[in-house]
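J.:
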Amino acid sequence: MIGNDIVDLQLAKTQSNWQRKGWLQKICTIQEQQYIFTSEKAEIQLWQFWSMKEAAYKAHQRRFNLSRRYNPLNFECTPKGEVYVGNYRYKIITETQNEYVYSIAMVSDEEYHSSVYGKKTNARSKLKEIISEKLNIDSSLIYFTKNSKGIPLVHIDQKAIQLPLSFTYHGKYSAFVVSI
Amino acid sequence: MTKEELLSKLKTIITPYVQNEEGLTTLTENTDFIKDLEINSANLVDVVLDVEDEFDIEIDNESMEKMLTVKASIAVIEDKLASK
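One line per chain: the protein sequences are A and B, in this order. So for the first sequence, the working numbering puts the first residue at 1; every next one is plus one. So for the second sequence, the working numbering puts the first residue at 1; every next one is plus one.
1. Which two residues bound the contiguous alpha helix (DSSP H) that contains B/Gly-23?
2. So, using beta-carbon positions, are A/Ala-175 and A/Ser-115 closer together than 8 Å?
3. With A/Trp-101 as the anchor, note down where its alpha helix (DSSP H) starts and where it stops.
4. Any beta carbon from chain A within less than 8 Å of B/Asn-30's own beta carbon?
5. Answer with yes or no whether the minimum CB distance from A/Lys-149 to chain B is below 8 Å.
6. When DSSP builds the beta bridges, which residues end up paired with A/His-170?
7. Over the uninterrupted beta strand (DSSP E) stretch that includes A/Ala-160, give me the two end residues.
8. For chain B, find out if any of its Cβ atoms is closer than 8 Å to the Cβ of A/Tyr-70; answer yes or no.
9. Name, please, each residue of chain B whose Cβ falls closer than 8 Å to the Cβ of A/Glu-54.
10. Sort A/Tyr-102, A/Thr-121, A/Leu-135 by Cα distance to A/Gly-81 and report the nearest one.
11. Could you give the uninterrupted runs of the beta strand (DSSP E) lying entirely in the segment 16-71 of chain B, keeping only those of 3 residues or more?
12. For the segment 59-81 of chain B, which residues have a beta carbon sitting closer than 8 Å to at least one beta carbon of chain A?
13. For the beta strand (DSSP E) that contains A/Arg-89, what are its first and last residues?
14. How about A/Ile-36 and A/Ala-105: do their beta carbons lie closer than 8 Å?
15. Whole angstroms are fine: how far does the CA of A/Asn-17 sit from the CA of A/Trp-47?
16. Taking B/Ala-72 and B/Lys-80 to be in contact with their CB atoms under 8 Å, please state how far apart those CB atoms are, rounded to whole angstroms.
17. Using C-beta distances below 8 Å, list every residue in its chain close to A/Glu-129, excluding the 5 sequence neighbours before and after it, in chain order.
18. Please classify A/Glu-43: does DSSP put it in a helix, a strand, or coil?
19. Would the segment 116-135 of chain A and the segment 19-36 of chain A be scored as touching if the rule is three or more Cβ pairs under 8 Å?
20. For B/Leu-6, would you say it is in contact with chain A, using Cβ-to-Cβ distances shorter than 8 Å as the test?
21. DSSP puts A/Gly-3 in a beta bridge; with which residues?
22. Just to confirm my understanding: we take B/Asp-36, look at its own chain, exclude 5 residues before and 5 after, and list those with CB closer than 8 Å. What are they?
23. Is there a Cβ of chain A sitting closer than 8 Å to that of B/Leu-49, yes or no?
24. Excluding the five sequence neighbours on either side, which residues of its own chain have a C-beta within less than 6 Å of the C-beta of A/Val-177, listed in chain order?
25. Express the C-alpha separation of A/Asn-98 and A/Tyr-173 in angstroms, rounding to a whole number.
26. Would B/Ala-82 be called buried (16 or more neighbouring beta carbons within 10 Å of its own) or exposed?
27. Answer yes or no: does any C-beta atom of chain A fall closer than 8 Å to that of B/Leu-44?
28. If we ignore side chains and look at the alpha-carbon of each, how far apart do B/Glu-58 and A/Gly-171 end up?
29. By how many angstroms is the C-alpha of A/Ser-108 removed from the C-alpha of A/Asn-76?
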């Protein structure tokens, strides 16, 4: 199973005042807070942790078909690129650019395809192209829906197929990851 | 506090974080903060902190988990107010 999350750093700056009293404590464990406060780039470290948590949340939710919850504290990041949810471990790959932080979470080393796009490109249509190419299916037969828990599903010629995938959008950026 | 008063206070709190204004005009108990109002998930923390300040209550993690809809948030606020 797989999940992803992108943070537009410029938008995050205006959207969130992470130094607000009590804010960090609701999101980050004491250990994570220590990493943030001792980091030379505290703000970047915070958004790295946040994207790791969100990506792991999506992978975990898809894996067990869980109802939605807002529980960032239950997703514990390690500086080695892992997130633990209780005893479940997710491996995280985080890409940090000047403009964004992007994380992909997976259960084990899976083969995946992922791309980040600027605002003008639609991540959904790009993913359609990739599925169409990989599975050799006409892209007009492919469409996406969501189940009752908000988890995206791929349909090919009206049949839902199990393809682990995740979309993320924030500000100027969008991205997808698919295990195919 | 009546449910209407509570709803109106909650509406004031969430307004600055709403990205889909249309969802706000048709706000009901069933409105979903992320799906309907497109509140950024990092801003849900701000909603929780603003609710704590406005109602002078403390929202533990177990309650915060549920606060994804208007209905669930009102239930949490009512519960916390009752046990004050």
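All residues carry an ideal CB built from backbone N, CA and C; glycine is no exception.
T.: With the structure as the only source:
1. Reading the second sequence from its first residue, position 23 is the one you call residue 23 of chain B. Where B/Gly-23 is concerned, the enclosing alpha helix (DSSP H) stretches over 21-25.
2. On the first sequence, position 175 is the one that residue 175 of chain A refers to. On the first sequence, position 115 is the one that residue 115 of chain A refers to. It is a contact, given that the beta carbons lie within the stated cut-off.
3. Position 101 of the first sequence, counted from the first residue, corresponds to residue 101 of chain A. The sequence given here has Val at residue 101 of chain A, not Trp. Element bounds for A/Val-101: not the alpha helix (DSSP H) but the beta strand (DSSP E), 100-106.
4. As a first step, residue 30 of chain B must be located in the second sequence, where it is residue number 30. It does not: the Cβ of B/Asn-30 has no partner Cβ on chain A nearer than 8 Å.
5. What you label residue 149 of chain A is simply residue 149 of the first sequence in a count that begins at 1. No, its Cβ sits nowhere closer than 8 Å to a Cβ of chain B.
6. Taking the first sequence and counting its residues from 1, one reaches residue 170 of chain A at position 170. Beta-bridge pairing links A/His-170 to A/Tyr-173.
7. Within the first sequence, the letter at position 160 stands for residue 160 of chain A. Residues 159-161.
8. Against the first sequence, residue 70 of chain A aligns to sequence position 70. Output row for A/Tyr-70: interface = yes.
9. Stepping through the first sequence from its first residue, residue 54 of chain A is reached at position 54. Those within 8 Å of A/Glu-54 in chain B are Ser-41.
10. Taking the first residue of the first sequence as position 1, residue 81 of chain A is located at position 81. Looking at the Cα atoms, A/Tyr-102 is the closest of the given residues.
11. none
12. Asn-61, Met-64, Glu-65, Lys-66, Met-67, Leu-68
13. As a first step, residue 89 of chain A is located in the first sequence; it is residue number 89 there, counting from the start. Looking at the DSSP string, the run of the beta strand (DSSP E) that includes A/Arg-89 is 88-96.
14. The residue given as residue 36 of chain A occupies position 36 in the first sequence. The residue given as residue 105 of chain A occupies position 105 in the first sequence. Not in contact: A/Ile-36 and A/Ala-105 (Cβ atoms no closer than 8 Å).
15. Start at 1 with the first residue of the first sequence, and residue 47 of chain A comes out as number 47. Start at 1 with the first residue of the first sequence, and residue 17 of chain A comes out as number 17. Cα to Cα, A/Trp-47 sits roughly 12 Å from A/Asn-17.
16. The residue you call residue 72 of chain B lines up with position 72 of the second sequence. The residue you call residue 80 of chain B lines up with position 80 of the second sequence. Incorrect: roughly 13 Å between the Cβ atoms, too far for contact.
17. Here residue 129 of chain A refers to the residue found at position 129 of the first sequence. So the qualifying residues of the chain are Ser-139.
18. To locate residue 43 of chain A, count along the first sequence from 1; it is residue 43. Residue state, collapsed to three classes: helix.
19. no
20. Counting from 1 along the second sequence, the entry for residue 6 of chain B is found at position 6. Closer than 8 Å: no.
21. Here the question's residue 3 of chain A lines up with position 3 in the first sequence. Beta-bridge pairing links A/Gly-3 to A/Ala-105.
22. Within the second sequence, the letter at position 36 stands for residue 36 of chain B. Cβ neighbours of B/Asp-36 beyond the five flanking positions: Asn-20, Gly-23.
23. The residue you call residue 49 of chain B lines up with position 49 of the second sequence. Closer than 8 Å to some Cβ of chain A, the Cβ of B/Leu-49 qualifies, so yes.
24. By one-based count along the first sequence, residue 177 of chain A stands at place 177. These residues qualify, in order along the chain: Ile-2, Asn-4, Ile-104, Tyr-112, Ser-114, Ser-166.
25. Within the first sequence, numbered from 1, the residue matching residue 173 of chain A stands at position 173. Within the first sequence, numbered from 1, the residue matching residue 98 of chain A stands at position 98. For A/Tyr-173 and A/Asn-98, the distance between alpha carbons rounds to 13 Å.
26. Stepping through the second sequence from its first residue, residue 82 of chain B is reached at position 82. By the neighbour-count rule (16 or more Cβ atoms within 10 Å), B/Ala-82 is not buried but exposed.
27. In the second sequence, the residue the question calls residue 44 of chain B occupies position 44. Chain A contact via Cβ: present.
28. Position 58 of the second sequence, counted from the first residue, corresponds to residue 58 of chain B. Position 171 of the first sequence, counted from the first residue, corresponds to residue 171 of chain A. In this structure, the straight-line span from the alpha carbon of B/Glu-58 to that of A/Gly-171 is close to 31 Å.
29. Indexing the first sequence from 1 puts residue 76 of chain A at position 76. Indexing the first sequence from 1 puts residue 108 of chain A at position 108. Reading off the sequence shown, one finds Glu at residue 76 of chain A, where the question assumed Asn. Cα to Cα, A/Glu-76 sits roughly 17 Å from A/Ser-108.
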